[in-house]
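K.L.:
Using the numbering used here, the final residue of the sequence shown is 671, and nothing's skipped along the way.
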Amino acid sequence: MSASTHWLATASAQAVLERGGNAFDAAVAAAFVLHVVEPHLNGPGGDLVAIFQTADAAAPTVLMGQGPAPAGATIDHYRGEGLELVPGAGGLAAAVPGAVDAWLLLLRDHGTWELTDVLAYAIGYARDGHPLVAGAAATIARVAELFRNDWPTSAALWMPDGEPPAPGAVVRNPAYAAVLDALVHASCTVRDDGPVGRAARIDAARREWKTGIVAHEASAFLAQPHVHSGGGSHAAVITADDFAGFDAGYEQAVTREFRGRTIAKAGAWTQGPALLQTLGLLEPLADDLLDPSQEAGAHTILEAQKLAYADRDGWFGDDDVDLDALLAADYLDERRALITPAASAEFRPGALPGRTAHRPPLRTSYDAPTVGTGEPTVARSGETRGDTCHLDVIDRWGNIVSATPSGGWLQSSPTVPALGFCLGTRLQMTWLEPGHPSSLVPGRRPRTTLTPTLVLRDGTPEFAIGSPGGDQQDQWQLLALLRIIVGGYSPQQAIDAPALHTTSLPESFWPRTWTPAGAVVEDRLGDALISGLERRGHVVTRVGDWTLGRVSAVGRDAATGVLWSAANPRGMQGYAAGR
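(1) Could you name the residues of the same chain whose beta carbon sits closer than 8 Å to that of C280, not counting the 5 residues immediately before and after it, in chain order?
(2) Tell me whether W501 is buried or exposed, calling it buried when 16 or more other Cβ atoms sit within 10 Å of its Cβ.
(3) Only counting runs of 4 or more residues, tell me where the alpha helix (DSSP H) segments fall wholly within the stretch 407 to 445, in order along the chain.
(4) Can you round the beta-carbon distance between S504 and G516 to whole angstroms, since I take them to be within the 8 Å contact cut?
(5) Three-state secondary structure (DSSP) at D139?
(6) Helix, strand or coil, according to DSSP, for H222 in the structure here?
(7) Can you tell me whether A258 is buried or exposed, with buried defined as 16 or more other CB within 10 angstroms of its CB?
(8) Would you give the residue range spanned by the alpha helix (DSSP H) that Y667 belongs to?
(9) Got a sec? Which residues, its chain only, sit under 8 Å from N114 by beta carbon, not counting five neighbours each side?
(10) Smallest Cα separation from H98: which of I557, G227, I587?
(11) What does the Cβ neighbour count give for T552, buried or exposed, with the cut at 16 atoms within 10 Å?
(12) May I ask you to report which of helix, strand or coil DSSP gives M664?
(13) By DSSP, does E343 sit in helix, in strand, or in coil?
(14) Quick one: what does DSSP say P497 is sitting in, helix, strand or coil?
(15) Less than 8 Å between the C-beta atoms of Q363 and D139, yes or no?
(16) Examine the Cβ distances between the stretch 625 to 637 and the stretch 419 to 430 and report whether three or more of them are shorter than 8 Å.
(17) Within a Cβ cutoff of 8 Å, which residues of the same chain sit near L570, ignoring the five residues on either side of it in sequence?
(18) Evaluate E395 with the Cβ neighbour count: other Cβ atoms within 10 Å of its Cβ, from every protein chain shown; 16 or more gives buried, anything less gives exposed.
(19) Given G406, which residues of its chain have a CB within under 6 Å of its CB, disregarding the five upstream and five downstream residues?
(20) Measuring CB atoms only, is the stretch 186 to 199 touching the stretch 230 to 239, in the sense that at least three cross pairs come out at less than 8 Å?
(21) For R404, write down the residues that DSSP places opposite it in a beta bridge.
(22) Take M521 as the anchor and find which of F408, P661, V547, H482 has the nearest alpha-carbon.
(23) How would you call V262, buried or exposed, if buried means at least 16 neighbouring beta carbons within 10 angstroms?
(24) Is the beta carbon of V271 sitting closer than 8 Å to the one on T540?
(25) Quick one: is Q344 buried, meaning 16 or more other Cβ sit within 10 Å of its Cβ, or exposed?
(26) Taking all protein chains shown into account, decide if T456 is buried (16 or more other Cβ within 10 angstroms of its Cβ) or exposed.
(27) Between S582 and R283, what straight-line distance do the alpha-carbon atoms span, to the nearest angstrom?
(28) What's the gap between the Cα of W656 and the Cα of A669?
(29) Go to W656, then tell me how far its beta strand (DSSP E) extends in each direction, as first and last residue.
(30) Starting from the N-terminal side, write out each stretch of the beta strand (DSSP E) that is 3 residues or longer and does not extend beyond the stretch 240 to 298.
(31) Kindly give me the distance between the Cβ atoms of A402 and F350, rounded to whole angstroms, as I take these residues to be in contact under 8 Å.
(32) Can you name, in chain order, every residue of its own chain whose Cβ lies under 8 Å from the Cβ of E554, other than the five neighbours on each side?
(33) Does DSSP classify L548 as helix, strand or coil?
(34) Apart from the five residues on each side of it in sequence, which residues of its chain come closer than 7 Å, Cβ to Cβ, to T432?
(35) Closer than 8 Å by C-beta to D220: which residues in its own chain qualify, once you throw out the five before and the five after it? Chain order, please.
(36) Which residue comes first and which comes last in the alpha helix (DSSP H) that contains T672?
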């Protein structure tokens with residue numbers, strides 16, 4: 093079974109499974125297709141977080157594909173450039189790209205196919221073309237003036253006729269096809285036909301990515317000053333040495349029990365543990381308070397999330413984060429007692445013994461020219477600007493993977509002409525105030541929003557689930573988890589059901605503003621529920637019937653052993669498949 097945010101990625105994953113590949117072969121093939129067919133949502137210059145479990149493993153594993161800040165990315169340098177925030181667009185916001193190395197590492201260690209076969213799908217779509225989805229066309233149209241006036245290499249790739257392409261137009265990216273061909277050619281220098289040779293071939297491709305044309309062309313091109321969000325012109329600081337110094341890797345998952353399941357997430361360098369904390373706050377409450385389709389439940393869920401995300405912004409980062417304390421029962425009891433019948437408009441991180449939580453700048457607006465965009469996600473107003481990508485795969489042997497690739501959006505920074513893609517902007521999640529786990533520090537990973545989930549029952553994976561959506565990723569997943577685990581919904585029913593989320597948190601993306609007591613809701617929740625939230629003090633934004641939530645999932649029915657998959661219908665782009 094396969095599910096993803098684009099039908100061509102799902103189809104490619106399913107084709108691999110049909111030809112005897114395992115879940116990891118399929119996931120990597122689909123991921124490289126996503127680079128091509130959802131270029132406004134992810135790219136090879138971006139990053140990823142995945143969580144997986146092999147059929148013979150006793151516990152899940154996190155695949156870490158988040159590159160760190162370059163060696164030259166210091167607070168002093170950015171302040172010296174006249175900045176008080178890391179830009180949301182432009183080369184100064186680029187962390188070291190981590191996605192490609194991570195996918196190749198996963199393929200080497202857990203896949204079975206050769207690199208040339210796995211990349212054939214993406215190379216075909218890049219070289220021969222694919223129909224441009226409406227979201228990508230709209231994104232190009234939105235930044236067309238920026239491309240024409242300031243980023244001419246992006247205009248050359250995405251507007252070759254001088255105008256934004258129409259939805260459905262067949263677009264090609266021969267430069268990126270050539271980059272992938274170069275990885276395949278590098279792998280072919282190893283002649284051993286056995287499994288040792290296969291691993292060496294993939295490692296040869298990894299070396300090519302980190303030390304070859306990609307590293308040198310990207311760093312040299314972005315060293316030329318170019319326009320960033322905020323309107324200033326700056327040179328990037330990333331170098332070829334930064335590329336060469338990064339290795340993707342594996343980490344132990346963080347887990348918490350909830351209503352008979354084990355929920356597994358990545359560590360506090362992601363926002364994942366905030367979902368575990370939210371579940372801990374909600375677990376002992378009555379079932380109706382965990383039902384987002386009831387007023388009391390919707391209110392309680394929003395309030396619990398505000399507390400968890402305040403702790404995210406107060407404590408999380410690529411540092412020594414005391415998750416045991418943040419997830420401890422007595423700490424959660426204290427936090428839960430803060431939930432009242434009225435909506436909170438405060439930023440309330442918790443206190444840990446002898447330590448004080450970081451309090452980031454809390455801005456409700458930011459006066460600066462808008463150039464490009466941050467992560468293409470749902471705005472505070474609820475206006476949909478697209479999303480990140482997500483994919484899930486489970487195979488006949490019991491291997492399962494949930495992955496959220498992102499970054500390197502076509503509007504992130506100027507296209508590197510020799511490569512056919514740009515670098516990402518993940519450093520915008522760091523602060524230019526020192527002393528916080530999420531402060532900008534060379535070699536430190538930005539605290540990412542990417543947060544896939546694996547759910548286990550009695551130690552066995554039951555389903556993989558995830559969503560695009562920046563700060564909303566776990567908020568939307570939470571609704572599906574509660575509806576499946578507590579409400580008894582089928583996975584597809586849970587994904588289809590009306591959604592909501594809080595915006596009463598500092599956004600992870602430039603310009604990092606917040607809406608105190610803000611809540612964004614789908615109208616399908618009903619007038620009575622929405623009016624009830626407003627009476628409780630929530631600042632509600634209605635966004636239509638089918639606008640929030642981008643969840644997909646795959647899993648295995650514990651009672652029957654039958655596999656299932658489910659995908660988001662909103663936008664008519666996600667797809668689930670299997671047999």
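The C-beta atom is built at its ideal place from N, Cα and C for all residues, glycine as well.
P.N.:
Based on what the coordinates show:
(1) Along the sequence shown, read from residue 1 onward, the residue named residue 280 stands at position 188. These residues qualify, in order along the chain: T208, R293.
(2) Residue numbering aside, residue 501 sits at position 409 when the sequence shown is read from its first letter. The C-beta of W501 has 16 or more other C-beta atoms within 10 Å across all chains shown, which makes the residue buried.
(3) Counting only unbroken stretches of 4 or more residues, the alpha helix (DSSP H) elements lying wholly within the stretch 407 to 445 are 415 to 418, 421 to 428, in sequence order.
(4) Here residue 504 refers to the residue found at position 412 of the sequence shown. Here residue 516 refers to the residue found at position 424 of the sequence shown. S504 to G516, Cβ: 5 Å. Contact.
(5) Taking the first residue of the sequence shown as 1, we reach residue 139 at position 47. Three-state result, D139: strand.
(6) For this step, residue 222 is matched to residue 130 along the sequence shown. In the three-state reduction of the DSSP assignment, H222 falls in the strand class.
(7) Counting from one through the sequence shown, the residue named residue 258 turns up at place 166. By the neighbour-count definition (other C-beta atoms within 10 Å, threshold 16), A258 is an exposed residue.
(8) The sequence position of residue 667 within the sequence shown is 575, counting from 1. Run containing Y667: none in the alpha helix (DSSP H); it sits in the beta strand (DSSP E), 667 to 669.
(9) Walking along the sequence shown from the start, residue 114 turns up at place 22. Here the set comprises H202, G203, T204, D487, W489, N491.
(10) Here residue 98 corresponds to residue number 6 of the sequence shown, with the count starting at 1. For H98, the closest C-alpha among the options I557, G227, I587 is that of G227.
(11) Translated into the one-based positions of the sequence shown, residue 552 becomes position 460. Counting other Cβ atoms within 10 Å of its Cβ, T552 stays below 16 and is therefore classed as exposed.
(12) Mapped onto the sequence shown, residue 664 falls at position 572. Collapsing the DSSP output to three states places M664 in a helix.
(13) Taking the sequence shown and counting its residues from 1, one reaches residue 343 at position 251. Strand.
(14) Locating residue 497 in the sequence shown gives position 405, counting from the first residue. Residue state, collapsed to three classes: strand.
(15) Residue numbering aside, residue 363 sits at position 271 when the sequence shown is read from its first letter. Residue numbering aside, residue 139 sits at position 47 when the sequence shown is read from its first letter. No. Outside cutoff.
(16) In this structure the stretch 625 to 637 does not lie against the stretch 419 to 430, because fewer than three pairs of beta carbons, one per stretch, are closer than 8 Å.
(17) Reading the sequence shown from its first residue, position 478 is the one you call residue 570. Excluding five sequence positions before and after L570, the CB atoms of its chain that fall closer than 8 Å to its own CB belong to L367, T370, L371, I393, Q397, given in chain order.
(18) Numbered from 1 along the sequence shown, position 303 holds the residue referred to as residue 395. Under this definition E395 is a buried residue.
(19) Indexing the sequence shown from 1 puts residue 406 at position 314. Counting only Cβ-Cβ distances below 6 Å, and skipping sequence neighbours, we find P441, A449, H450.
(20) Output reads no: the stretch 230 to 239 does not touch the stretch 186 to 199.
(21) Residue 404 sits at position 312 when you count from the first residue of the sequence shown. DSSP output for R404 lists no bridge partner at all.
(22) The count along the sequence shown starts at 1 and reaches residue 521 at position 429. Between M521 and the set F408, P661, V547, H482, the nearest pair of CA atoms involves F408.
(23) On the sequence shown, position 170 is the one that residue 262 refers to. Looking at its Cβ environment, which holds fewer than 16 other Cβ atoms inside 10 Å, V262 is exposed.
(24) The sequence position of residue 271 within the sequence shown is 179, counting from 1. The sequence position of residue 540 within the sequence shown is 448, counting from 1. No, they are not a contact pair.
(25) Sequence index remark: in the sequence shown, residue 344 carries index 252 (1-based). Under a 10 Å Cβ-count criterion, Q344 is classified as exposed, with fewer than 16 other Cβ atoms of the shown protein chains found around its own Cβ.
(26) Position 364 of the sequence shown holds residue 456. The residue is exposed, with fewer than 16 neighbouring Cβ atoms inside 10 Å.
(27) Walking along the sequence shown from the start, residue 582 turns up at place 490. Walking along the sequence shown from the start, residue 283 turns up at place 191. Distance between the alpha carbons of S582 and R283 is about 49 Å.
(28) The sequence position of residue 656 within the sequence shown is 564, counting from 1. The sequence position of residue 669 within the sequence shown is 577, counting from 1. Taking C-alpha positions only, W656 is separated from A669 by approximately 9 Å.
(29) By one-based count along the sequence shown, residue 656 stands at place 564. For W656, the enclosing beta strand (DSSP E) covers residues 655 to 658.
(30) The stretch 240 to 298 is shown to contain no whole beta strand (DSSP E) run of 3 or more residues.
(31) Position 310 of the sequence shown, counting from 1, holds the residue named residue 402. Position 258 of the sequence shown, counting from 1, holds the residue named residue 350. With 8 Å as the limit, A402 and F350 do not qualify as a contact, their Cβ atoms being about 21 Å apart.
(32) On the sequence shown, position 462 is the one that residue 554 refers to. If we look at E554 and ignore the five residues flanking it on each side, its Cβ neighbours are R353, V547, L548, G647, R648, A650.
(33) Residue mapping note: residue 548 aligns to position 456 of the sequence shown, counting from 1. Strand.
(34) Position 340 of the sequence shown holds residue 432. Closer than 7 Å at the Cβ level, and outside the excluded window around T432, lies no residue.
(35) Sequence index remark: in the sequence shown, residue 220 carries index 128 (1-based). R264, listed in sequence order.
(36) Nothing about residue 672 can be read from this structure; the chain reaches only from 93 to 671.
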